[in-house]
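Residue numbers (the numbering used here): 8 to 279.
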Ligand code: KIV
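Here is the structure:
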């Protein structure tokens with residue numbers, strides 16, 4: 008593969024469907040800014056999600072509810088400028104699509120026009136099907152999100168595993184089929200039993216990407232800050248940390264502070 012990211016062919020929604028058919032797993036990771044997205048794109052991630060988890064990891068909010076449409080667009084535009092290979096998907100934030108289909112379309116158009124992203128993601132199934140149709144009818148690709156949907160956290164009251172009971176599992180399967188019939192190009196399944204996730208992935212022809220949904224799905228997604236260990240306090244069972252960046256950064260910054268205090272930095276070679 009070329010080391011020049013500009014030479015990469017862009018991943019499209021069609022490539023993802025082909026990957027499902029050929030059983031090649033899809034890698035998806037969040038990014039919210041230019042520098043991080045450049046690394047994620049160069050590392051060969053297939054889909055970059057500008058998640059509304061930006062509300063947590065970039066702004067320090069407890070939930071994803073406060074982040075606004077304009078803030079999502081700010082993050083998304085920076086990610087788009089950095090990415091040459093990955094498909095860039097942007098979360099429609101809470102309150103920008105639930106009230107009526109017109110608003111859902113207006114919000115999606117604003118994201119597509121002002122950020123240059125390639126698709127939007129929405130949380131929910133049957134209850135928002137008119138909004139999903141409206142967005143799709145305008146030619147904007149939509150990714151669904153079922154299971155633990157953080158925008159509904161106050162309705163659930165907990166971040167525990169979803170759809171353990173029969174009734175909720177049946178609704179989730181039916182919602183997944185609805186999303187496929189409506190024309191969504193993929194579905195994220197968050198924090199549900201792996202057997203149910205496997206059944207969903209086998210029941211629809213569109214890619215199913217899991218987070219805390221086991222390995223029998225078509226791909227995986229994580230929040231980048233969790234993967235690189237910048238967040239220390241979030242430790243769900245599904246998370247694999249590939250680095251301990253929080254401690255490595257802290258150590259580097261402590262050495263910098265010490266070098267400044269002792270006038271070790273800058274040295275003769277580091278000045279004009
Ligand atoms: O906002 C986000 O980061 C997400 C992922 C957890 C799927 O929706």
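Note that CB positions come from ideal geometry on N, CA and C, so glycine has one too.
Under 8 Å, do residue i and residue j count as touching if we go by C-beta distance?
i, j, result
"residue 41", "residue 57", "no"
"residue 211", "residue 64", "no"
"residue 189", "residue 153", "no"
"residue 150", "residue 96", "yes"
"residue 264", "residue 228", "no"
"residue 198", "residue 164", "no"
Pop quiz: residue i and residue j are said to be a contact at Cβ under 8 Å. What is the actual Cβ separation, rounded to whole angstroms?
i, j, result
"residue 118", "residue 127", "6 Å"
"residue 226", "residue 43", "Not confirmed; about 20 Å, so no contact."
"residue 214", "residue 33", "6 Å"
"residue 147", "residue 115", "5 Å"
Do you know how far the Cα of residue j is from the Cα of residue i?
i, j, result
"residue 107", "residue 268", "58 Å"
"residue 244", "residue 94", "28 Å"
"residue 120", "residue 23", "23 Å"
"residue 61", "residue 78", "9 Å"
"residue 9", "residue 91", "No answer about residue 9 holds up, because its pLDDT of 45 lies below 50 and its placement is not dependable."
"residue 111", "residue 25", "28 Å"
"residue 176", "residue 242", "25 Å"
"residue 138", "residue 185", "13 Å"
"residue 277", "residue 237", "29 Å"
"residue 131", "residue 274", "57 Å"
"residue 72", "residue 124", "21 Å"
Three-state secondary structure (DSSP) at residue i?
i, result
"residue 194", "strand"
"residue 98", "strand"
"residue 155", "coil"
"residue 168", "coil"
"residue 256", "helix"
"residue 128", "strand"
"residue 118", "helix"
"residue 37", "strand"
"residue 86", "helix"
"residue 237", "coil"
"residue 320", "No answer is possible for residue 320: it lies beyond the span of the chain, which begins at 8 and ends at 279."
"residue 267", "helix"
"residue 150", "strand"
"residue 215", "strand"
"residue 160", "helix"
"residue 246", "coil"
"residue 54", "strand"
Could you check which residue in the options has the C-alpha nearest to that of residue i?
i, options, result
"residue 169", "151, 200 and 143", "200"
"residue 250", "263, 233, 242 and 241", "233"
"residue 183", "55, 75, 136 and 110", "136"
"residue 205", "194, 222 and 189", "222"
"residue 83", "181, 216 and 100", "100"
"residue 235", "258, 252, 227 and 123", "252"
"residue 17", "68, 263 and 49", "49"
"residue 59", "215, 47 and 75", "75"
"residue 134", "104, 122 and 143", "104"
"residue 257", "239, 272 and 270", "239"
"residue 171", "202, 141 and 143", "202"
"residue 19", "254, 248, 53 and 114", "53"
Say the cut is 7 Å; is the CB of residue i nearer than that to a heavy atom of ligand 2?
i, result
"residue 70", "Of the ligands this structure carries, namely ligand 1, none is ligand 2."
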